[in-house]
Structures are given as C-alpha cells and as structure tokens.
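One structure is given here, and the rest of the page talks about it.
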Amino acid sequence: MDYERACAIIDAAAEAGADAVKIQTYRADTITIDCGAKEFQAHGLWEGMNLYQLYQKAYTPWEWQEGLIQYANEKGLDCFSSPVDVTAKTGRWRSGCCFFHGKG
C-alpha cells in the first residue's frame, strides 16, 4: 500500500456515494510473531508468506492516518478506525479519529 493509493481508494469511496471509510489499525508486531512454523503460514493468495509478513505488507502506517482522516473529511467522508489492540486505539485518539468500530 502506498499513500497515493490510499487516497485513491478514498476518492473512489466518495465518488461511489459512501458516507464513511474505515482504516484497519494494527501493527504486525502487536498481533503476531515473525515465525516460520506451520501454524503461522498464510494460505491462498498469500502462500509463501507467514502471517507477520502478510500483516506487515498490508497495514496502513500510523503516520499516514492523520492525513488520511483529514483527506477523507475534505471529501465529505467520515473516517473511522478499527483498532485491533490497545496500542492501536491509543494511537487513534492522538490522530483525531472521532469514532471506532468495536469488536466482540
């Protein structure tokens, strides 16, 4: 993921008439370990990667998120976070995210 692609996704959401966009908020090192064991291997499209590598590749860097929130707001969209762990939630409060998607 690169920042310009993230902005293009926000543009597409706005053009499609969305009301909001969600940022999945996590870091690979807070949800798994970098391990080659069978239980940590990704499958399907991500065959050959372990979960740490997959999550590291897919995450949205936290330093982008404040800018993405502002960009979404400029496009008339609310932007919310789906924090995976307590460190992610703490980080979102600092970025000015106004609401969160909670899980179980």
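Residue numbering for the sequence shown is 0 to 103, as defined by numbering that gives the first Met the number 0.
Ideal Cβ placement from N, Cα and C applies to all residues, glycine included.
Close beta carbons around residue i, own chain, < 8 Å, minus the five adjacent residues each side
| i | result |
| --- | --- |
| Thr-59 | Met-0, Ala-5, Ile-22, Gln-23, Thr-24, Leu-67 |
| Ile-8 | Val-20 |
| Phe-39 | Thr-31, Ile-32, Asn-49, Leu-50, Tyr-51 |
Residue of the options minimising C-alpha distance to residue i
| i | options | result |
| --- | --- | --- |
| Gln-52 | Ala-15, Trp-63, Gly-43, Ile-32 | Ile-32 |
| Asp-84 | Trp-63, Ala-27, Gln-40 | Ala-27 |
Helix, strand or coil at residue i [DSSP, three-state]
| i | result |
| --- | --- |
| Ala-15 | coil |
| Ile-22 | strand |
| Cys-34 | coil |
| Glu-65 | helix |
| Asp-84 | coil |
| Asp-1 | coil |
| Arg-91 | With a pLDDT of 48 at Arg-91, under the threshold of 50, the modelled position of that residue is not reliable, and no figure is offered here. |
Residue i versus residue j: straight-line alpha-carbon distance, rounded
| i | j | result |
| --- | --- | --- |
| Gly-47 | Ala-57 | 15 Å |
| Gly-35 | Thr-86 | 25 Å |
| Trp-61 | Phe-79 | 13 Å |
| Glu-3 | His-42 | 28 Å |
| Arg-91 | Gly-75 | Below a pLDDT of 50, predicted positions are generally treated as unreliable, and Arg-91, at 48, falls in that range; no measurement from the model is reported. |
| Glu-14 | Gln-55 | 29 Å |
| Glu-73 | Thr-29 | 31 Å |
| Lys-37 | Glu-65 | 37 Å |
| Leu-44 | Asp-10 | 26 Å |
Residues near residue i by beta carbon distance below 6 Å, same chain, minus five either side
| i | result |
| --- | --- |
| Gln-69 | none |
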